[in-house]
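Undergrad:
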């Protein structure tokens, strides 16, 4: 197994053939959205671990539901208001005659999930139909966007002690090529309540920070002795998309998404809190036969790398 940006890969979600990624954001408002568009309708799965998700059409990804494939995924800022950007994605796809055939019209299937970024930048300017449409127009098959772009434009990390002590979050990407030609890649929007820890060094690399010293304050250690001081901490959620050219069913894709959440737990602490809406999607865009257990185990590793990548780029860390 070769990991990271191997000679055959760029370390991006689009290393899986047939995927395009597009971003659009407003730097002044510090919000934006990111769209993932498979070249052909794709099998998808999802797993939600955070207690405060904001989502659209996730129920269609249930293996028991009749819709088998989706046409795009949307990750967006703006909390629930940002779900309006999905209308722009649907409009773009309809213009391309892409969607589920119903007889009367082709209906694009576009699941979406949000991060809460209203406490930074502008709380009244949010991703909308125009922004979602623009992200689709910007979609590329070689997107390598990282840091404060798209849905990660207003992302922050380490808010347990308040926004004034938080670090910058953003978008990160990673991929791996397995023996036999299977590729597993990930894109993550890191906007966590907890700190981000580099599993290689076991050190905090983004999180609650004493601005006078530059030192990080271990959020979990603080929580253990200050639990009674905790108040409402809205402003979070980490999202990820795992893509693979392995052939998966809806049930298998859901299992991969479930296993990939281990990647969140390896890199974020605390994670999956009642103030996070942590959500992972899986996209199956190929025909390579590989057990979903293998794909899921590798996905967890790649999601971890994407999270670390996001904060390193956003905070200009070596």
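In my numbering, the protein residues as written are 209 to 526. Glycine residues also receive a C-beta, built at the ideal position from the N, C-alpha and C atoms.
Based on Cα-Cα distance, which residue from 245, 311, 371 lies nearest to residue 320?
TA: 245
Undergrad: Taking contact to mean at least 3 C-beta pairs separated by less than 8 Å, is the stretch 415 to 425 in contact with the stretch 369 to 389?
TA: yes
Undergrad: Should the stretch 271 to 280 be regarded as contacting the stretch 386 to 393, the criterion being three or more beta carbon pairs within less than 8 Å?
TA: no
Undergrad: Out of 468, 340, 515, state which residue places its alpha-carbon closest to the alpha-carbon of residue 358.
TA: 340
Undergrad: Contact between the stretch 290 to 303 and the stretch 452 to 465: three or more CB pairs below 8 Å?
TA: no
Undergrad: By how many angstroms is the C-alpha of residue 247 removed from the C-alpha of residue 521?
TA: 28 Å
Undergrad: What's the call for residue 194, buried or exposed, on a 16-neighbour Cβ count within 10 Å?
TA: Because the chain spans 209 through 526 in this model, residue 194 falls outside it and cannot be assessed.
Undergrad: Please identify the residue among 225, 496, 238, 512 whose C-alpha is closest to the C-alpha of residue 361.
TA: 238
Undergrad: Output the boundary residues of the beta strand (DSSP E) element that contains residue 360.
TA: Unbroken run through residue 360: none, as it is neither H nor E.
Undergrad: Taking its Cβ as the centre, do 16 or more other Cβ atoms sit within 10 Å of residue 267, making it buried, or is it exposed?
TA: exposed
Undergrad: Please go through the stretch 397 to 460 and give each complete beta strand (DSSP E) segment of 3 or more residues, from N-terminal end onward.
TA: 403 to 406, 411 to 414, 447 to 454
Undergrad: Over what stretch of residues does the beta strand (DSSP E) that includes residue 222 continue unbroken?
TA: Here residue 222 belongs to no beta strand (DSSP E), and DSSP marks it neither H nor E.
Undergrad: If we count Cβ pairs, one from each stretch, closer than 8 Å, do we get three or more for the stretch 475 to 482 versus the stretch 307 to 314?
TA: no
Undergrad: Less than 8 Å between the beta carbons of residue 379 and residue 395, yes or no?
TA: yes
Undergrad: Enumerate in chain order the residues of its own chain whose CB-to-CB distance from residue 464 is below 8 Å, with the five nearest sequence positions on each side excluded.
TA: 253, 450, 452, 456, 490, 500, 503, 504, 507
Undergrad: Can you check DSSP and say which residues form a bridge with residue 395?
TA: 381, 449
Undergrad: Look at the alpha carbon of residue 418 and the alpha carbon of residue 364, and state the distance between them as a whole number of angstroms.
TA: 15 Å
Undergrad: Quick check on the DSSP output: the alpha helix (DSSP H) that includes residue 300 runs from which residue to which?
TA: 293 to 303
Undergrad: Output needed for residue 249: all residues of its chain with C-beta closer than 6 Å, excluding positions within five of it in sequence on either side, in chain order.
TA: 277, 279
Undergrad: Have a look at 305, 264, 469 and flag the residue whose alpha-carbon is nearest the alpha-carbon of residue 295.
TA: 264
Undergrad: Which whole-angstrom value describes the C-beta separation of residue 397 and residue 323, a residue pair presumed to lie in contact below a C-beta threshold of 8 Å?
TA: Confirmed, Cβ separation roughly 6 Å.
Undergrad: Going by DSSP in three states, residue 500 sits in which element: helix, strand or coil?
TA: helix
Undergrad: What's the gap between the Cα of residue 262 and the Cα of residue 326?
TA: 13 Å
Undergrad: Rounding to the nearest angstrom, what Cα-Cα distance links residue 349 and residue 493 in this structure?
TA: 13 Å
Undergrad: For residue 287, count neighbouring C-beta atoms within 10 Å of its own C-beta (all shown protein chains included) and say buried if the count is 16 or more, exposed if not.
TA: Its Cβ being crowded by 16 or more others within 10 Å, residue 287 is buried.
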